[in-house]
Every structure is written in structure tokens, then in C-alpha cells.
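With our numbering as the guide, the letters of the sequence shown map in order to residues 1 to 364.
Step one of this worksheet: look at the structure below.
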Amino acid sequence: MATAASIFATTLVRAAGLHLTSDGRVMGDGRTLFHLSSPADDPIPDGAYFGLIDWLRIRTGDDAALVFSYAREIRSNDLGALGLAAKSAPTLRNSLLRLERYFRLLTDTAVYRLTEEADPALLVLEARTPDHPALKLRDECALAAVAENIKAFARDPVELDHVAFAHECRNDPAQFEAFFGCKVRFGASQSAIALAPETLNQPNKLGDRGISDFLTQHLESEIARLPDPSSLKDEVRHHLASLLSDGVPQASDVAISMGMSERTFYRRLAEENLSFRDVLRDAQQSLAQDLLADSNCSIAEVAFLTGFSEQSTFSRAFKRWVGTAPAQFRRLSQGEDDISRRYWQTVPKPWQDRPIPGEVQRLN
């Protein structure tokens, strides 16, 4: 199955009236106008992908026109089994739920999420990569394409409640409102298409449960081959490890580094029954233990790298977490005292149920 990046790149080039060859050349009038820094295979590296988008924006000189041309050019069939399963689903809701579940077969850089808790319902596009200017165009193209396609395969006319983008508008907003046929908000908390709940019940023109279920089974077999996605907790801990040396970061900074809004970040934490403070404490503790056990960093350096401004504050917090001082933990973990090490392996680890130390609470 082709990746989202290759589908997007090929279609965007086509929308600009050009052609992308398999070896990464953008052709027009029989000559090469642009060449990707690497072949246009799957996946296209980020640098080549962003470079192509920037070049097309400069060449066309009209982002809005490029977005609308892309949306009219791409069709659900371009997404392979996923697009066909969505088009043949019985209702619009079923179509969007298939997009939500199986889009990660195409990419790990963005996901769709359908929420029906409020009126209107929202199909939210969530980026899973740090921000880049080219991604603004990507997001506009993505939602414009979804809007065009659901209007194309729904049996009855589809009216959108509104469309929102998390970035500021770089063109005339009226152009977007004319295209989507509804209010378009820029600088919103998230990028999403909003639809009235009853709209989701609309049947699709080519809705065929048997065909859709057959294709869905195929998609299930494909998704079963993917590695299990890491939990948000693991992702946050990974990002915190690179941020803590500058001090304890705000949740908003971590969210930005992960390519999502602060609101989305808190919502996803809540979905896993986590709080930012809990994950921060676990990240500090885990990183401290790793550094003490497997590095030559001094205890003062470990304190700095885990977000503490004072070694004494770090030492008190670490003893509360683990039950022993950092220096003793290092001796035990590195096997300098074999008897003590064996004893350490037998005693309960107290950090699991410990309250967050006051020192860490104040740093938060």
C-alpha cells in the first residue's frame, strides 16, 4: 500500500498540471522542472517531501488554488483498499470511522479522529510530527480532499457546519468559505471538519455492506502486521528526555515538540488516565536511574539533565522515589557491592505508590 506522503506528492504535482516520475523528477512540457533529493519511492523522506511542497507553492504562487485543485484531483480510489472501503461503507459515519481506524496504514505522521460527544460532530486531523510550514498546506489539502470526497460519494447533498484550521490563514478566508460552502475558522484550537450529527447517518450512493466488510477484513489483516503503537506515556517520556536539560518544561512545550495542541495533548493524557505531572515524574525518575546506572555523569550532571537546578533537591526527590540516595543506587546498580546488589533486587520498589515529592510539585 502506498504511503500518504507518496499519494499526496503525486496528486499535488498532478494538481499543479505536472507529472511526478518514479525516479523523483517533476516533469512539465517534456522537461524536468524539479528533482526530489531522493527517488519518489515509499516512503519519501521528510526533507524531499517538504522541499517539493515549498517548490510547488512558489511555482504556483497561489496556495488556495493549489489546495482546491488537489481536493478536486484526488479520489477515494487513490487510497487503495482504504478509499474503496470508505466509499462502499453503508453510511457517512461508517466511512469516517474507517478513515479514523485505518489511516495509520498510510502514515504515522497524522491521524483522523471522529468525535460525536458534542453537536456538531468533529472529524479532527491530528498531526503527530513537529510543526513545519509545509504542513499547513498539507492540512488544508487533507481536509479539503475529505470534504470533496464525502460530498461525492454521499447519496444526498452534504452540508458542513464549519471547517477549522489550527494555523492562521495565508490567503483570503472567503476563498475557503466559497470552496467548503460553510464558515471556515483559522487559528482554531484544532484542524477539523464539523458536521451535524444527523449528517453522519446519511447513506452512501455506492454503500454495500458486503463489499465494505470484505475490504475492511483486508485492512484488518494489514493493520495486524503493524507494530503496536507506543502509548502516549512512552512518547511523552521520549520527548521529555530531550527537554529536561533546559529545566522542567511546560506541558505546552512538550505538546509543541510532539506536533499537537496543548488541548489535544491534555485530552490524550486523560484518555490514558494520566496527568502531565505523573508522566513528568516517571520520566525524571526513569532518566535518572538510567543515567546513574549506565553513564559516567556526576550526580550533579544527572540532576541537571533531569530538570533539577540543585543537586540537593534532586537527591531528596530521588530518595523519595526509589528509597535510596543517588550515590548508593549507582553503586548497587553497577554491581560494585554484590551483596548489597542482591539485597536490592529482593526488596520492594517503593516508587510505584509514592506521592509526588514536594520538590517536584514546586518545579511543576
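Yeah, the Cβ is synthetic: ideal placement off N, Cα and C, and Gly gets one too.
Every value quoted in this text rests on a predicted model; they were computed, and no experiment measured them.
Excluding sequence positions up to five before and after S95, its CB lies within less than 6 Å of the CB of A86, A89, all in the same chain and listed in chain order. Its chain contains A147, F180, G181, C182, I193, A194, L195 as the residues whose beta carbon lies nearer than 7 Å to that of L160, once the 5 sequence neighbours on both sides are disregarded; these appear in chain order. About 15 Å separates the Cβ atoms of A241 and A303, ruling out a contact at the 8 Å cut-off.
Counting along the chain, the unbroken alpha helix (DSSP H) around A142 starts and ends at 133-153.
In this structure, N77 keeps its C-beta atom at 8 Å or more from the C-beta atom of F153.
The beta carbon of F276 sits closer than 7 Å to those of A251, L269, all from its chain and outside the five residues before and after it, given in chain order. In this structure, DSSP gives S252 a helical state, which the three-state scheme calls helix.
Here the alpha carbons of R209 and A2 stand approximately 25 Å from one another.
A134 is a Cβ neighbour of F50, given a cutoff of 8 Å.
Sorting R185, R330, Q175 by C-alpha distance to the C-alpha of A65 places Q175 at the top. Across the set D290, G187, G307, the C-alpha of D290 shows the shortest separation from the C-alpha of V322. The distance from the Cβ of E73 to that of T21 is about 18 Å, inconsistent with a contact at the 8 Å cut-off. Out of T109, A317, N201, the CA that lies nearest to the CA of P45 is found in T109. The beta carbon of R25 sits closer than 7 Å to those of T32, H35, all from its chain and outside the five residues before and after it, given in chain order. Rounded to the nearest whole angstrom, the C-alpha separation of R128 and R330 is 36 Å. Of all alpha-carbon atoms in V124, L18, I7, D156, the one lying nearest the alpha-carbon of G83 is that of I7.
CA-CA distance, A81 to R98, rounds to 11 Å.
Classified as exposed, T115 has fewer than 16 neighbouring CB atoms from the shown chains inside 10 Å of its CB.
Residue pairing by DSSP places H162 opposite K183, A194 in a beta bridge. The alpha carbon of C169 has as its nearest neighbour, out of I150, S191, R155, the alpha carbon of S191. For L106, the CB contacts under 8 Å within the same chain, skipping 5 residues up- and downstream, are M1, A2, T3, A4, I7, L79, L82 in chain order. C-alpha of V163 to C-alpha of F214: approximately 32 Å in a straight line.
The C-alpha of Q328 lies about 15 Å from the C-alpha of C297.
Cβ-Cβ distances below 7 Å link L125 to A110, Y112, D139, A142, L143, S191, A192 in the same chain, with the five nearest sequence neighbours on each side left out; the list follows chain order. The beta carbon of E310 sits closer than 8 Å to the beta carbons of A303 from its chain, once the five residues preceding and following it are set aside; these are given in chain order.
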